[in-house]
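As they're listed, the protein sequences go chains A and B.
Just so we're aligned, residue 8 is where the first sequence starts under the working numbering, counting upward by one.
Just so we're aligned, residue 6 is where the second sequence starts under the working numbering, counting upward by one.
Even glycine gets a Cβ: it sits at the ideal position worked out from N, Cα and C.
Reading through the structure tokens given below for one structure.
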Amino acid sequence: MAESKSIKTIMDGIWRDHPVFSMLLGICSALAVSNKVENAIAMGAGVTFVLVATGVIISLLRKIIPRQVRMIVYMITIASFVIIVDRVLKAYFPEISDSIGPYVGLIITNCIIMGRAEGFYVSNNLGQSFLDALSNGFAYTYTLVAVAAVRELLGFGTLLGFQVMPEFMPKWVVMSMAPGAFFVLGTLIWITRTISGQTED
Amino acid sequence: MTMNLLLIFVAAVLTENAAFTYLLGMCPFISLSKSLRTASGMGAAVIFVITLTALINWPIYHLILVPLGSELIYYIVFIIVIAGTVQLVEMIMEKFFPVLQAAFGIFLPLITVNCTVLAVSLFMVIKEYSYLQSVIYAFGIAVGWIIAIVIVAAINEKLELVGAMPKGMKGPGIIMVISGILALSFLGFSGMV
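Here's what the structure looks like:
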């Protein structure tokens, strides 16, 4: 029984309740940092780390956090881990840190983390919360990487910095800018919603 | 000096539009731009909170955190100030302006997770603006965000009348595409400032 619940938690995270496509959470950063695959991977890893750490802390403390101040507790927990991510990026990956700069700080307001904390971690034990955090983080990362791969391929003609497209292909610069983000994510949402059959009324 | 402030304001509204250039505040953007009424209600609340938090966060950063050498924790400080301000504004409005509270009170709690608010505070530190510049910049960003959400909501309301649209495209999908086209047109402003 426990095993099937774990599988359900994972499946919900990476497909059925997909944080970006189905719940529309964390769109800001999904759009803003997805111009290059390396930025997307860094952002995905950062968000996953913060999710897992927050999930562990909140699910351990869930019995002693008073209900009235829970939002502030989530915020402080999330912000503390975001500072760690920011410092690590600055120290070991200065180039990536420069290009996604302030968006690292905006992980704090990434609604995926708040949403999962409020919707899942407060009412579930450590193991389930950990699985949920991992699967949501994974779902978020693969979405970001998918969007980034399309945009980097069309906008720069490269993947992870390697030249992929033939040289004579003109670079589609708009794809690496804001409009490209909207078009690619909009199309992806269209595709996934058609497959999963989820519709808006 | 006034010219400088004007430039910052125009840049914040048009060329550095929060929604279409920096892609900020997208969560409420997608969920609220279904009707013009809710969009403008949210917009009014956002303008108020963004300007207010910039007013509070600037002195805290430059007069308290920098002299103490603890810039490291500014994420925590900023987000607590924002959450606190939103709570305070909500309480004040409930007590003294019940009409206003009824109009945009429901949007206030949502603002804490609107990343535009936090982003304005972070950008004003990165850009090293003075106090006055920061406040003008914050106001401009908020105005730009409202313009964006109101345009998208208005277009989306008209689109409701069109029957034929792929099922999966409805809602967020089409909002993304509309925003993409608008973002393209906002690129036209980029040579201005």
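**OP:** Pull up the DSSP beta-bridge partners for residue 169/A, would you.
**Re:** In the first sequence, counting from the first residue as 1, residue 169/A sits at position 162. Checking the DSSP bridge columns, you'll see residue 169/A partnered with 166/A.
Original post:
Got a sec? Which residues, its chain only, sit under 6 angstroms from residue 13/A by beta carbon, not counting five neighbours each side?
Top reply: As a first step, residue 13/A is located in the first sequence; it is residue number 6 there, counting from the start. The beta carbon of residue 13/A sits closer than 6 angstroms to those of 138, all from its chain and outside the five residues before and after it, given in chain order.
Original post:
Considering only the beta carbon of each residue, do residue 188/B and residue 189/A sit closer than 7 angstroms?
Top reply: Your numbering for residue 188/B matches position 183 in the second sequence. Your numbering for residue 189/A matches position 182 in the first sequence. Yes, they are a contact pair.
Subject >> Neighbourhood of residue 75/A by C-beta distance below 7 angstroms, restricted to the same chain and skipping five residues each side >> reply: What you label residue 75/A is simply residue 68 of the first sequence in a count that begins at 1. Excluding residues within five positions, none has a Cβ falling inside 7 angstroms.
Subject >> DSSP-derived helix/strand/coil call for residue 122/B >> reply: Translated into positions along the second sequence, residue 122/B becomes position 117. Taken through DSSP and simplified to helix, strand or coil, residue 122/B comes out as helix.
**OP:** Verify the CB distance criterion: does residue 149/B have a CB-CB separation below 7 angstroms to chain A?
**Re:** The sequence position of residue 149/B within the second sequence is 144, counting from 1. Taking Cβ atoms only, chain A never reaches closer than 7 angstroms to residue 149/B, which makes this a no.
Original post:
Can a CB atom of chain B be found closer than 7 angstroms to the CB of residue 190/A?
Top reply: By 1-based counting over the first sequence, the position of residue 190/A is 183. Yes - at least one Cβ of chain B is within 7 angstroms of the one on residue 190/A.
Subject >> Beta-carbon contacts of residue 106/A that lie in its chain and below 7 angstroms, excluding the five residues immediately before and after >> reply: On the first sequence, residue 106/A is found 99 positions in, with the first residue counted as 1. Excluding sequence positions up to five before and after residue 106/A, its CB lies within less than 7 angstroms of the CB of 46, all in the same chain and listed in chain order.
Original post:
On the three-state DSSP scale, how would you describe residue 76/B?
Top reply: Against the second sequence, residue 76/B aligns to sequence position 71. Three-state result, residue 76/B: helix.
**OP:** Find out if the Cβ-Cβ distance for the pair residue 29/A, residue 117/A is shorter than 7 angstroms.
**Re:** Along the first sequence, read from residue 1 onward, the residue named residue 29/A stands at position 22. Along the first sequence, read from residue 1 onward, the residue named residue 117/A stands at position 110. When the beta-carbon positions are compared, residue 29/A and residue 117/A stay at least 7 angstroms from each other.
Original post:
What is the rounded straight-line gap between the Cα of residue 41/A and the Cα of residue 102/B?
Top reply: Here the question's residue 41/A lines up with position 34 in the first sequence. Here the question's residue 102/B lines up with position 97 in the second sequence. Approximately 42 angstroms, taken between the alpha carbons.
Subject >> Contacts that residue 197/A makes with chain B (C-beta to C-beta distance below 8 angstroms) >> reply: Here residue 197/A corresponds to residue number 190 of the first sequence, with the count starting at 1. What residue 197/A touches in chain B: 171, 173, 174 and 178.
Original post:
Which whole-angstrom value is the C-beta distance of residue 173/B and residue 201/A, which I expect to be below 8 angstroms?
Top reply: Within the second sequence, numbered from 1, the residue matching residue 173/B stands at position 168. Within the first sequence, numbered from 1, the residue matching residue 201/A stands at position 194. That belief holds up - the Cβ atoms of residue 173/B and residue 201/A are roughly 4 angstroms apart, short of 8 angstroms.
Original post:
According to the Cβ coordinates, are residue 91/B and residue 116/B closer than 7 angstroms?
Top reply: Along the second sequence, one-based indexing puts residue 91/B at 86. Along the second sequence, one-based indexing puts residue 116/B at 111. A contact, by the Cβ cut-off of 7 angstroms.
Original post:
Among residues of its own chain, excluding the 5 on either side of residue 138/B, which ones have a beta-carbon nearer than 7 angstroms to its beta-carbon?
Top reply: For this step, residue 138/B is matched to residue 133 along the second sequence. If you ignore the 5 residues before and after residue 138/B, its C-beta comes within less than 7 angstroms of the C-beta of 10 and 13, all in its own chain and listed in chain order.
Original post:
Comparing alpha-carbon positions, which option in 136/A, 111/A and 130/A lies nearest residue 123/B?
Top reply: Here residue 123/B corresponds to residue number 118 of the second sequence, with the count starting at 1. Taking only the C-alpha atoms, the option nearest residue 123/B is 111/A.
Original post:
On the three-pair Cβ rule with 8 angstroms, is the region 169–182 of chain A touching the region 49–64 of chain A?
Top reply: Under the 8 angstroms Cβ criterion, the region 169–182 of chain A does not count as touching the region 49–64 of chain A, having fewer than three qualifying pairs.
Original post:
Which residues of chain A have a Cβ atom closer than 7 angstroms to the Cβ of residue 75/B, listed in chain order?
Top reply: Residue numbering aside, residue 75/B sits at position 70 when the second sequence is read from its first letter. What residue 75/B touches in chain A: nothing, since even the nearest Cβ is about 11 angstroms away.
Subject >> Nonlocal neighbours in the same chain, by C-beta distance under 6 angstroms from residue 128/A, ignoring five residues either side >> reply: Residue 128/A sits at position 121 when you count from the first residue of the first sequence. Excluding the 5 residues flanking it on each side, residue 128/A has same chain C-beta neighbours closer than 6 angstroms at 62, 65, 66 and 136, in chain order.
Subject >> Continuous alpha helix (DSSP H) stretch holding residue 97/A: start and end >> reply: On the first sequence, position 90 is the one that residue 97/A refers to. Run containing residue 97/A: 77–99, per the alpha helix (DSSP H) assignment.
**OP:** Quick one: grab the DSSP three-state call for residue 71/A.
**Re:** Taking the first residue of the first sequence as 1, we reach residue 71/A at position 64. In the structure shown, residue 71/A sits in coil (DSSP, three-state: anything other than H, G, I, E or B).
Original post:
Along the region 70–91 of chain A, what residues have a CB closer than 9 angstroms to any CB found in chain B?
Top reply: Taking a C-beta cut-off of 9 angstroms against chain B, the contacting residues of the region 70–91 of chain A are 78, 79, 82, 83, 85, 86, 87, 89 and 90, listed in chain order.
Original post:
Nearest CA to the CA of residue 72/A: which residue from 130/A, 59/A and 57/A?
Top reply: Here residue 72/A is taken as the residue at index 65 of the first sequence, counted from 1. That would be 130/A, whose Cα lies nearest to the Cα of residue 72/A.
**OP:** Provide the residue span of the alpha helix (DSSP H) that contains residue 42/A, from first to last.
**Re:** Here residue 42/A corresponds to residue number 35 of the first sequence, with the count starting at 1. Looking at the DSSP string, residue 42/A is not in any alpha helix (DSSP H), and its letter there is neither H nor E.
**OP:** Please compile the residues from chain A whose C-beta is within a distance smaller than 9 angstroms of the C-beta of residue 53/B.
**Re:** Indexing the second sequence from 1 puts residue 53/B at position 48. Residues of chain A passing the Cβ test: none, with the nearest at roughly 18 angstroms.
**OP:** For residue 119/B, collect the residues of the same chain with a Cβ closer than 6 angstroms to its Cβ; drop the 5 residues on either side in sequence, then sort them by chain order.
**Re:** Taking the first residue of the second sequence as position 1, residue 119/B is located at position 114. Here the set comprises 30 and 33.
Subject >> Buried versus exposed call for residue 145/B [16 or more other C-beta atoms within 10 Å across all chains shown] >> reply: For the purposes of this step, residue 145/B is taken as residue 140 along the second sequence, with counting starting at 1. The residue in question, residue 145/B, is buried, as its Cβ has 16 or more Cβ neighbours within 10 Å.
**OP:** Could you run through the region 144–174 of chain A and flag, in chain order, every residue whose CB is less than 7 angstroms away from some CB of chain B?
**Re:** Listed by position, the residues of the region 144–174 of chain A near chain B (Cβ gap below 7 angstroms) amount to none.
**OP:** Take the Cβ of residue 158/A as the centre, count every other Cβ of all protein chains shown within 10 Å, and call the residue buried at 16 or more, exposed below.
**Re:** On the first sequence, position 151 is the one that residue 158/A refers to. The residue in question, residue 158/A, is buried, as its Cβ has 16 or more Cβ neighbours within 10 Å.
Subject >> Option nearest residue 147/B by Cα separation, candidates 94/B, 18/B and 177/B >> reply: Position 142 of the second sequence, counted from the start, is the residue given in the question as residue 147/B. 18/B is the residue among 94/B, 18/B and 177/B whose C-alpha sits nearest the C-alpha of residue 147/B.
Original post:
Between residue 160/B and residue 141/B, which are expected to be in contact by the criterion C-beta below 8 angstroms, what is the C-beta distance as a whole number of angstroms?
Top reply: Position 155 of the second sequence, counted from the start, is the residue given in the question as residue 160/B. Position 136 of the second sequence, counted from the start, is the residue given in the question as residue 141/B. Rounded, the Cβ-Cβ distance is 29 angstroms, inconsistent with contact.
Subject >> C-alpha distance - residue 190/B paired with residue 180/B, whole-angstrom precision >> reply: Numbered from 1 along the second sequence, position 185 holds the residue referred to as residue 190/B. Numbered from 1 along the second sequence, position 175 holds the residue referred to as residue 180/B. The C-alpha of residue 190/B lies about 15 angstroms from the C-alpha of residue 180/B.
Original post:
If contact means a Cβ-Cβ distance below 7 angstroms, which residues of the region 93–110 of chain B contact chain A?
Top reply: Within the region 93–110 of chain B, no residue qualifies.
**OP:** Using three-state DSSP, classify residue 22/B as helix, strand or coil.
**Re:** Counting from one through the second sequence, the residue named residue 22/B turns up at place 17. Three-state result, residue 22/B: coil.
**OP:** Classify residue 108/A as helix, strand or coil using the three-state DSSP reduction.
**Re:** If you number the first sequence from 1, residue 108/A lands on position 101. Three-state result, residue 108/A: helix.
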